[in-house]
Amino acid sequence: VSVLKDDPNPSVGLLNIGGEVIKGNEIIKRAGELLRLAAVSGQLNFLGNVEGNDIFKGTVDIVVCDGFVGNVALKATEGVAGMIGEFLRAEFSRTIFTRFAAVVAYPVLSSFKRRVDHRRYNGAALLGLRGLVFKSHGSADQLAFEYALERAYDAARNNLLDRVQARIANAAPLLASNAHVA
1 VSVLKDDPNP SVGLLNIGGE VIKGNEIIKR AGELLRLAAV SGQLNFLGNV EGNDIFKGTV
61 DIVVCDGFVG NVALKATEGV AGMIGEFLRA EFSRTIFTRF AAVVAYPVLS SFKRRVDHRR
121 YNGAALLGLR GLVFKSHGSA DQLAFEYALE RAYDAARNNL LDRVQARIAN AAPLLASNAH
181 VA
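Those letters in the sequence shown? Residues 1 to 182, by the working numbering.
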């Protein structure tokens with residue numbers, strides 16, 4: 001985020017079942033410990049645990065979770081967005097009055113649709129590899145793939161790989177000194 005959004009100190013939250021540090025399974029608790037240590041040492045702007053309802057509020061810039069949970073959250077969000085779209089289409093086509101309301105509301109609905117279109121957020125860096133690799137959604141269409149390519153281009157232009165490697169190297173002593181099992 002700091003590279004792609006030109007934010008030198010993005011806020012980070014750990015996705016959990018509650019804001020309290022005692023919540024979550026052992027892996028989540030340990031991840032929270034390490035993130036708090038990174039924050040204390042100035043490596044990270046960690047704000048603490050966040051819940052699922054914080055993901056889209058802008059509570060934090062980055063939500064940390066494992067791949068399984070992240071994929072479930074992503075797919076659930078896409079499903080809810082699709083459901084809302086279908087509900088709106090059905091409601092606006094019920095009567096002549098609701099069709100007229102749809103015409104009046106079209107500019108607002110069109111803007112809303114653009115803002116929540118998941119295709120505009122396609123493309124994620126696969127970190128931990130020896131090269132710059134971006135993953136696109138399997139169901140990506142031309143527009144989604146275009147956004148993924150744009151993201152990958154921005155990452156390459158802004159030296160994402162070198163910057164991530166430097167941050168990891170800076171954090172290595174912290175991680176090594178806290179390698180014990182929680």
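Note that CB positions come from ideal geometry on N, CA and C, so glycine has one too. All of these numbers come straight from a predicted model, not from anything done at the bench.
Residue span of the alpha helix (DSSP H) that contains residue i, given as start and end
i           : result
residue 97  : 96 to 116
residue 27  : 26 to 40
residue 88  : 67 to 92
residue 62  : Where residue 62 is concerned, there is no enclosing alpha helix (DSSP H), although the beta strand (DSSP E) it sits in stretches over 62 to 64.
residue 140 : It is not in any alpha helix (DSSP H) - residue 140 carries neither H nor E in the DSSP assignment.
residue 168 : 160 to 177
Sequence-distant residues of its chain with Cβ nearer than 8 Å to residue i (five each side left out)
i           : result
residue 66  : 27
residue 145 : 122 and 136
residue 98  : 91 and 92
residue 45  : 9, 10, 11, 12 and 39
Of the residues the options, the one placed nearest residue i, counting alpha carbons only
i           : options             : result
residue 88  : 174, 109 and 149    : 109
residue 127 : 160, 106 and 117    : 160
residue 114 : 85, 125 and 158     : 85
residue 117 : 91, 82, 99 and 150  : 82
residue 129 : 165, 153 and 105    : 165
residue 47  : 9, 170, 7 and 60    : 60
residue 133 : 149, 10 and 8       : 149
residue 173 : 8, 6, 20 and 34     : 34
residue 153 : 177, 57 and 124     : 124
residue 57  : 162, 11, 39 and 104 : 11
residue 120 : 52, 78 and 20       : 78
residue 25  : 69, 6, 5 and 41     : 69
residue 6   : 31, 178 and 155     : 155
Beta-ladder partner(s) of residue i, from DSSP
i           : result
residue 125 : 134
residue 45  : 11
residue 50  : 15
Nonlocal neighbours in the same chain, by C-beta distance under 6 Å from residue i, ignoring five residues either side
i           : result
residue 23  : 16 and 17
residue 140 : 122
Neighbourhood of residue i by C-beta, 7 Å cutoff - its chain only, sequence neighbours within 5 removed
i           : result
residue 63  : 13, 15, 50 and 55
residue 181 : Summary for residue 181: the model assigns pLDDT 45, below 50, so the residue's position carries little reliability, and this model does not support an answer.
Residue i Cβ short of 7 Å to the ligand SAM heavy atom set
i          : result
residue 27 : With respect to the ligand SAM, the structure shown offers nothing to examine, as it has no ligands at all.
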